[in-house]
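In what follows, a structure is listed as structure tokens, so that the remarks can point back to it.
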Amino acid sequence: QVQLVESGGGLAQPGGSLRLSCAASGIIFSMCTMAWFRQAPGKQRELVAVISSDGGTNYADSVKGRFTISRDNTKKAAYLQMNSLKPEDTAVYYCNAIHRATPYWGQGTQVTVSS
274 QVQLVESGGG
284 LAQPGGSLRL
294 SCAASGIIFS
304 MCTMAWFRQA
314 PGKQRELVAV
324 ISSDGGTNYA
334 DSVKGRFTIS
344 RDNTKKAAYL
354 QMNSLKPEDT
364 AVYYCNAIHR
374 ATPYWGQGTQ
384 VTVSS
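Going by the working numbering, the first residue of the sequence shown is number 274, and it counts up by one from there.
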């Protein structure tokens, strides 16, 4: 059974930082493409960052230079370091894994950026 569990969300001030974690089980993690998506109220879910099995990364223009995606295959975990946070980064953040061509989702973690 595939399971993705996010953690690390919460409240941050504008300009602050948060680090999200995604713990995976039930998958061959090292072979998966991992990604973070987010969904703000009233908006569609959007891709934030993706990291391939070989470590290649890609980011949405809105977060380039501020967010960093990484992975630790030994811990079966993916991370999203978020710096210089803005109020518009407020959303539920979801971990996504592509395993054997099938997408899996975590339950999401709320990130709120507000003073």
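We treat Cβ as the ideally placed atom computed from N, Cα and C, and that holds for glycine.
Close Cβ partners of Pro376 (< 8 Å) along its chain, the five nearest in sequence each way excluded: What you label residue 376 is simply residue 103 of the sequence shown in a count that begins at 1. The answer, listed in chain order, is Asn369, Ala370.
DSSP-derived helix/strand/coil call for Ser303: Taking the first residue of the sequence shown as position 1, residue 303 is located at position 30. In the structure shown, Ser303 sits in a helix (DSSP, three-state: H, G or I).
Same chain, Cβ closer than 6 Å to Gly299, neighbours up to 5 away in sequence not counted: The residue given as residue 299 occupies position 26 in the sequence shown. Gln274, Val275, Gln276, listed in sequence order.
Where Pro360 sits in the DSSP three-state scheme: Counting from 1 along the sequence shown, the entry for residue 360 is found at position 87. Pro360: helix per DSSP, three-state reduction.
Supposed contact pair Ala313 and Thr363 - C-beta distance, whole angstroms, cut 8 Å: For the purposes of this step, residue 363 is taken as the residue at position 90 of the sequence shown. For the purposes of this step, residue 313 is taken as the residue at position 40 of the sequence shown. Right, their Cβ atoms sit about 6 Å apart.
Reference Ser294, options Ser303, Gly288, Gly282, closest by Cα: Indexing the sequence shown from 1 puts residue 294 at position 21. For Ser294, the nearest C-alpha among the options comes from Gly282.
Beta bridge counterpart(s) of Gly283 as assigned by DSSP: Along the sequence shown, read from residue 1 onward, the residue named residue 283 stands at position 10. Bridge partners of Gly283: Val384.
Segment limits, beta strand (DSSP E) that includes Gly341: As a working note, residue 341 is residue 68 in the sequence shown. With the sequence shown as reference, residue 341 is identified as Thr, and Gly is not the correct amino acid for it. For Thr341, the enclosing beta strand (DSSP E) covers residues 340 to 345.
DSSP beta-bridge partners of Val278: Here residue 278 refers to the residue found at position 5 of the sequence shown. Partner(s): Ala296.
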